[in-house]
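Worksheet: the structure to be examined is printed underneath.
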Amino acid sequence: MAQLLYFGRLMDTLGRPEETLTLPTSVRDTSALREWLDRDRGLDGALLEKTIRLAVNSEIVADPHPVSDGDEIAFMPPVGGG
Amino acid sequence: MLRISDEPFDAGRELSAFETEAKGAGGIVSFTGLVRDHASSGEVRALTLQAYSPMTERGIETAMAEARERWPLMALKVIHRTGEMAPGDAIVFVATASIHRRAAFEAADFLMDYLKTEAVFWKKEATATGEHWIEPRSQDYQDRARWAKV
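Note that the protein sequences, when read in sequence, are chains A and B.
Okay, so the first sequence: first residue is -18 according to my numbering, each after it adds one.
Okay, so the second sequence: first residue is -12 according to my numbering, each after it adds one.
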């Protein structure tokens, strides 16, 4: 099981802040994960935007980065505080 | 020193504590960021900030270490709110202390530009027209680019 976290506006897009699921066997990296999840939820490309970065086990990674069950994978829209 | 918390803080009290900690400094600069009461979409009712621990803390600590490398600082403090805030509430507090003013001004400015564009937070504004997620403006990124090392 992988834990997926959705931050910022993606929490609204996905309708939840997080979920735990078993990754399909075809999903072995972050690029495949974006494409599969986007299609599965009918998001029309929202997860494919370049400004959405992914973090695997709390490290920001560049696509395609390996993912597997047991990982915590965060979907991060542009950040900014202050 | 870094603190990220859902609890409100009093910037005046934090500055006094910092002055004690930075005893012997020639200059102290502090900046307090407040929740605005107006946005382009109308009157602001609330601002909610979300962080991703420990990535948020780790990033800010790295920026604080970089500030210490670039400027001769005697003390440094960053406080950042998370959770729901009302207009007028303090969101962020940055204080820097140095022997001379320039280092303190520049280090505080550098840290604020980091916090606005790279610190791992997401902001949601609630106005009369609903809730909107806000992302940094292009001006914020331009401000941050001033500190790029050549």
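Just so you know, even glycine gets a beta-carbon here, dropped at the ideal spot from N, CA and C.
Since the structure is predicted, the reported quantities are computational estimates derived from the model, not experimental observations.
Item	Value
Residue 5 of chain A at chain B interface by Cβ criterion, 8 Å	no
Buried versus exposed, by CB contacts within 10 Å (16 or more), residue 110 of chain B	buried
Where residue 46 of chain B falls: helix, strand or coil (DSSP)	helix
Check whether residue 65 of chain A and residue 28 of chain A have beta carbons under 8 Å apart	Lying outside -18 to 63, the shown extent of chain A, residue 65 of chain A is not represented and no answer is given.
Within chain B, the residues that residue 63 of chain A reaches when beta carbons sit closer than 7 Å	20, 78, 79, 99, 102 and 103
4-residue-minimum alpha helix (DSSP H) runs that sit fully inside the segment 65 to 111 of chain B, ordered along the chain	88 to 104
Expected contact under 8 Å - CB spacing of residue 38 of chain B and residue 78 of chain B to nearest Å	At roughly 12 Å, the Cβ-Cβ gap does not stay under 8 Å, so residue 38 of chain B and residue 78 of chain B are not in contact.
Distance between beta carbons of residue 28 of chain B and residue 104 of chain B, contact taken as under 8 Å	Between residue 28 of chain B and residue 104 of chain B the Cβ distance is about 21 Å, and since that is not below 8 Å, they are no contact.
Cutoff 8 Å: residue 55 of chain A Cβ touching any chain B Cβ	yes
Under the three-state DSSP convention, the category residue 23 of chain B falls into	coil
Per-residue contacts from residue 36 of chain A into chain B (C-beta, under 7 Å)	42
N- and C-terminal bounds of the alpha helix (DSSP H) containing residue 125 of chain B	125 to 132
Among B:10, B:112, B:11 and B:4, the one whose alpha carbon lies nearest that of residue 62 of chain A	B:112
7 Å Cβ cut-off: residues of chain B touching residue 59 of chain A	122 and 123
Within chain B, partners of residue 12 of chain A - CB distance below 8 Å	What residue 12 of chain A touches in chain B: nothing, since even the nearest Cβ is about 21 Å away.
Among B:118, B:56, B:51 and B:136, the one whose alpha carbon lies nearest that of residue 82 of chain B	B:51
Three or more C-beta pairs below 8 Å linking the segment -7 to 8 of chain B and the segment 61 to 68 of chain B	yes
Contact belief for residue -4 of chain B with residue 99 of chain B at Cβ below 8 Å, rounded distance in angstroms	Actually they are not in contact, since the Cβ atoms of residue -4 of chain B and residue 99 of chain B sit about 17 Å apart, beyond 8 Å.
Residues of the segment 15 to 37 of chain A whose Cβ lies closer than 9 Å to any Cβ of chain B, in chain order	32 and 36
Short Cβ contact (8 Å threshold) for residue 18 of chain A with residue -6 of chain A	no
Cut-off 7 Å between Cβ atoms - residues of its own chain near residue 32 of chain B, not counting five sequence neighbours on either side	113 and 114
Beta bridge counterpart(s) of residue 22 of chain A as assigned by DSSP	Residue 22 of chain A pairs with nothing; no bridge assigned.
Boundaries (first-last residue) of the beta strand (DSSP E) holding residue 5 of chain B	Counting along the chain, residue 5 of chain B falls outside any beta strand (DSSP E), though it belongs to the alpha helix (DSSP H) covering -2 to 8.
DSSP beta-bridge partners of residue 10 of chain A	A:47
Cβ-based neighbour list, residue 44 of chain B, same chain, cut-off 7 Å, excluding 5 preceding and 5 following	-11 and -9
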